[in-house]
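Trainee:
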Amino acid sequence: MMRGFAVGVLVFAVLVLGMACSSPSGVKFVKKSDTEIQVLVNGKHFTSLQYNRSDLPKPIFYPVYTMKGVRINRAYPFMDLPDESHDHPHHQGIFFTYDDVNGVGFWNNPKPPPQIVLKEIKRLEDGKDKGVLEFTADWTAPNGKVLLHEDRVVEVTYGPNWRAMDFTMTLTAADTTVTFHDTKEGMFAIRVAPWLKEKGGNGHYINSEGAETAKNVWGRRAKWVTLISHNDKGEKLSLCFFAHPKSVNYPPYWHARDYGLFAVNPLGQWRFQRDTGVENPQYLNFTLKPGESGLFRYKMVFYEDELSKDQIDKLYDEWVKSAE
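Position 75, counted from 1, in the sequence shown is what numbering that gives the first Met the number 0 calls 74; the numbers after and before it change by one each time, with no gaps.
1) Quick check: the Cα distance between G199 and G68, rounded to an integer number of angstroms?
2) Given this structure, state the Cα-to-Cα distance separating R273 from G218, to the nearest angstrom.
3) For the region 122 to 139 against the region 68 to 87, are there 3 or more C-beta pairs whose distance is under 8 Å?
4) I'd like the list of long-range same chain contacts for K288, defined as Cβ closer than 7 Å, with 5 residues on each side in sequence excluded.
5) Short check: CB of M216 to CB of N206, under 8 Å?
6) Would DSSP call D316 helix, strand or coil?
7) Between the region 50 to 62 and the region 84 to 101, do at least 3 Cβ pairs fall closer than 8 Å?
8) Which term fits P62, buried or exposed, when burial requires 16 or more other beta carbons within 10 angstroms of its beta carbon?
9) Identify the continuous beta strand (DSSP E) that holds K118 and give its terminal residues.
10) Taking only the alpha-carbon atoms, compute the straight-line gap between F28 and T135 and give it to the nearest angstrom.
11) Is it the case that the region 154 to 172 contacts the region 283 to 300, given that we only count it when at least three CB pairs across the two stretches are under 8 Å?
12) Please classify S228 as buried or exposed, where buried requires at least 16 other C-beta atoms within 10 Å of its C-beta.
13) For A242, which residues from the same chain have a beta carbon less than 7 Å from its beta carbon, with the 5 sequence-adjacent residues on both sides left out?
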């Protein structure tokens with residue numbers, strides 16, 4: 000009798016242990032199709048890399064969710080929701096493009112579009128504490144000429160009340176000199192959901208220099224900018240957007256709008272200086288000769304609380320130190 004009981008206890012323990020070992024934990028990448036790689040954090044859908052689709056002129060991360068499953072970015076143009084605006088259909092998920100590369104516009108969705116074509120998935124590394132995704136892509140003009148080769152590494156990390164994506168984008172000129180002419184239409188961005196906006200939502204921008212609201216953050220240099228908001232259920236989010244000191248033209252300018260576009264744009268220097276009243280604005284016209292590369296490294300932290308400037312400064316400094 001006791002022996003049977005002991006065996007039963009042992010079997011139960013093995014089953015519990017097996018369930019614990021098989022329970023989802025950490026960061027996992029799941030290839031859902033030839034055009035989507037899903038990112039799971041502790042078994043929950045965090046975001047998806049969408050690419051090489053007929054309706055997408057560039058790779059994007061869409062959708063992006065909080066830990067409670069609340070959508071962070073705007074659903075349009077993929078879904079038509081009654082509370083969302085239909086402006087700027089090229090603002091899709093999290094995206095990395097620029098509107099004047101040797102005169103070719105990659106920022107908007109022209110027809111036929113210039114394409115940023117994903118060429119190879121180089122790494123998909125699951126991990127308990129961190130996952131790593133790496134891919135290469137070609138920035139291709141409408142005539143089929145490849146202007147830039149991109150290598151992008153995305154590190155996904157998380158904590159008790161936050162998730163983060165650390166992006167390292169390296170752009171290398173192909174077989175011709177490439178100039179990024181100064182324009183505000185760029186460069187690395189997220190279009191946020193209505194509840195995160197300043198205009199019509201509960202959002203509030205703050206930057207590393209202490210400036211607040213889109214009016215005072217837009218077009219100015221800063222190490223970081225954060226958009227802080229809450230939804231109608233009282234769920235809070237601080238969307239922290241960091242720039243690494245080794246990135247091109249650091250500290251960068253920010254194309255942060257009250258209607259929901261949240262972008263870092265280090266290359267629009269002349270336009271931003273002109274529009275913010277800088278005396279004698281200077282062109283950057285960032286140029287790469289064949290084979291030369293430019294580094295663009297940024298991090299997005301989706302922190303599910305309202306952070307103070309001192310707290311964000313600390314997070315930023317810790318990231319820079321760890322990323323050296």
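Cβ atoms here follow ideal geometry from the backbone N, Cα and C, with glycine treated the same way.
These numbers were taken from a predicted model, which means no experiment stands behind them.
Mentor: Looking at the atomic coordinates:
1) 22 Å
2) 9 Å
3) no
4) A172 and T176
5) Note that residue 216 corresponds to Val in the displayed sequence, not to Met. Yes.
6) DSSP places D316 within a helical segment (H, G or I) once states are collapsed to three.
7) yes
8) With 16 or more other Cβ atoms within 10 Å, it is buried.
9) Q114 to E124
10) 17 Å
11) Contact between the region 283 to 300 and the region 154 to 172 is present, because at least three Cβ pairs lie under 8 Å.
12) buried
13) K222, W223, Y249, P250, P251, V263 and Y297
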